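Notes to accompany the following structure.
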Ligand SMILES: Cc1cc2nc3c(=O)[nH]c(=O)nc-3n(C[C@H](O)[C@H](O)[C@H](O)COP(=O)(O)OP(=O)(O)OC[C@H]3O[C@@H](n4cnc5c(N)ncnc54)[C@H](O)[C@@H]3O)c2cc1C
Ligand code: FES
């Protein structure tokens with residue numbers, strides 16, 4: 019883990035309200051694992067905000083034409099503007115300074131037995147799935163991405179997954195891209211066809227509850243990446259705890275999302291009894 023004072027390489031809007039930001043980040047291509055995250059602090063006027071957590075979308079090295087830079091390795095984020103911090107981030111430009119803490123947390127565990135993988139992303143939940151797809155494709159496995167959103171504007175970066183060789187399936191609430199309906203309906207169909215697949219999911223809580231119900235019923239392995247509210251990102255504030263599977267009034271059994279997650283085996287977590295089947 020490094021705490022870097024660094025600069026932005028680019029920051030551009032890719033769909034209404036969604037941005038993509040690359041940050042100079044020496045060492046990240048070697049260190050960052052699929053599913054890990056960073057904490058970003060934006061220096062604004064004299065009032066630095068709290069750090070904000072963001073999944074690592076990808077890492078890489080700048081092409082030779084940018085080699086005027088002393089260090090050329092970068093980390094890339096994809097983010098949605100939802101409040102004061104992300105609004106401020108959206109105004110930043112190449113060369114602006116930020117503080118980057120990471121890579122943080124426990125990412126996805128690569129299933130050693132499964133060779134079929136279903137990656138399920140809801141909206142911005144697609145972010146941590148890209149490096150996972152890259153890694154699984156590199157070892158020759160079959161990867162399918164199922165992605166859902168309210169409308170076509172919420173479906174991001176699909177072609178980059180396709181360039182890896184990933185088959186992609188899109189569902190939108192309004193039918194403006196892909197099929198009309200919930201991504202969980204696509205998951206049920208795909209699991210009927212590929213019952214041995216391992217499933218990995220990130221997205222809104224209702225979607226994760228529904229994915230978990232389906233996987234539990236079909237008895238397939240599921241890992242989920244959670245987006246809990248985080249203040250410190252390093253296990254100090256306990257602001258990000260979630261109930262573990264044994265949690266009850268007598269047994270707190272809390273898990274710290276930033277240290278023990280954000281990726282968990284679904285069986286480690288407490289899920290709503292008979293949770294929703296089709297919500298997103
Ligand atoms: C491990 C992890 C990875 C994440 N990866 C991404 C990512 O790749 N891209 C991305 O756009 N966002 C991601 N998030 C969520 C992101 O951290 C928040 O959207 C961001 O902190 C909001 O900051 P803000 O100051 O703009 O909003 P605030 O002003 O702090 O909040 C605005 C609204 O957003 C809600 N909110 C804030 N944080 C979260 C959260 N973690 N989950 C749900 N609701 C929240 C608040 O309750 C409030 O209603 C991730 C969160 C975690 C924990
Ligand atoms: S965010 Fe502080 S302990 Fe996890």
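Numbering (the numbering used here), first residue to last: 19 to 298. Ideal Cβ placement from N, Cα and C applies to all residues, glycine included. Bear in mind the structure is a predicted one, so any value in this text is a computation, not a measurement.
With C-beta atoms as the reference, is residue i less than 8 Å away from residue j?
| i | j | result |
| --- | --- | --- |
| residue 29 | residue 110 | yes |
| residue 76 | residue 149 | yes |
| residue 258 | residue 233 | no |
| residue 220 | residue 182 | no |
| residue 121 | residue 173 | no |
| residue 216 | residue 135 | yes |
| residue 96 | residue 36 | yes |
| residue 92 | residue 72 | no |
| residue 167 | residue 200 | no |
| residue 53 | residue 125 | yes |
| residue 143 | residue 25 | no |
| residue 21 | residue 119 | yes |
| residue 137 | residue 151 | yes |
| residue 251 | residue 57 | yes |
| residue 117 | residue 23 | yes |
| residue 68 | residue 249 | yes |
| residue 190 | residue 198 | yes |
Using CA atoms only, rank isn't needed, just tell me which of the options is closest to residue i.
| i | options | result |
| --- | --- | --- |
| residue 203 | 183, 184, 226, 181 | 226 |
| residue 32 | 93, 73, 194, 170 | 170 |
| residue 102 | 140, 124, 60 | 60 |
| residue 139 | 99, 119, 188 | 188 |
| residue 27 | 36, 37, 34, 41 | 41 |
| residue 180 | 168, 162, 167, 192 | 162 |
| residue 284 | 266, 228, 250 | 228 |
| residue 260 | 238, 290, 231, 44 | 290 |
| residue 133 | 127, 159, 145 | 159 |
| residue 128 | 157, 209, 108 | 157 |
| residue 244 | 286, 38, 47 | 286 |
| residue 195 | 141, 50, 271 | 141 |
| residue 90 | 108, 130, 48 | 48 |
| residue 175 | 193, 269, 153, 145 | 145 |
| residue 34 | 98, 231, 45 | 98 |
| residue 256 | 274, 178, 264, 270 | 274 |
| residue 130 | 44, 205, 214, 123 | 214 |
| residue 209 | 192, 231, 70 | 231 |
| residue 153 | 222, 50, 206 | 50 |
In terms of residues, what are the limits of the alpha helix (DSSP H) holding residue i?
| i | result |
| --- | --- |
| residue 194 | Neither: residue 194 is in no alpha helix (DSSP H) and is coded neither H nor E. |
| residue 236 | 223-236 |
| residue 103 | 102-107 |
| residue 278 | 275-278 |
| residue 49 | 46-49 |
| residue 42 | No alpha helix (DSSP H) contains residue 42, which is instead part of the beta strand (DSSP E) from 36-42. |
| residue 33 | Note, residue 33: premise wrong, no alpha helix (DSSP H); beta strand (DSSP E) at 20-33. |
| residue 201 | 201-211 |
Since I believe residue j is in contact with residue i (beta carbons under 8 Å), could you give me their beta-carbon distance rounded to a whole number of angstroms?
| i | j | result |
| --- | --- | --- |
| residue 218 | residue 147 | 7 Å |
| residue 281 | residue 236 | Incorrect: roughly 20 Å between the Cβ atoms, too far for contact. |
| residue 288 | residue 262 | 6 Å |
Residue i lies in the beta strand (DSSP E); which residues open and close that run?
| i | result |
| --- | --- |
| residue 116 | 115-122 |
| residue 14 | For the chain, the structure presents residues 19 to 298; residue 14 sits outside this window and is missing. |
| residue 219 | 216-220 |
| residue 149 | Not the beta strand (DSSP E): residue 149 falls in the alpha helix (DSSP H), residues 147-156. |
| residue 98 | 91-98 |
| residue 131 | From DSSP, residue 131 is part of no beta strand (DSSP E); its letter is neither H nor E. |
| residue 179 | Premise fails: residue 179 lies in the alpha helix (DSSP H), 176-182, not in any beta strand (DSSP E). |
Pocket of ligand 2 (residues with CB nearer than 7 Å to any heavy atom), chain order: Here the residues come out as 248, 249, 250, 251, 252, 253, 254, 255, 256, 257, 258, 274, 275, 276, 277.
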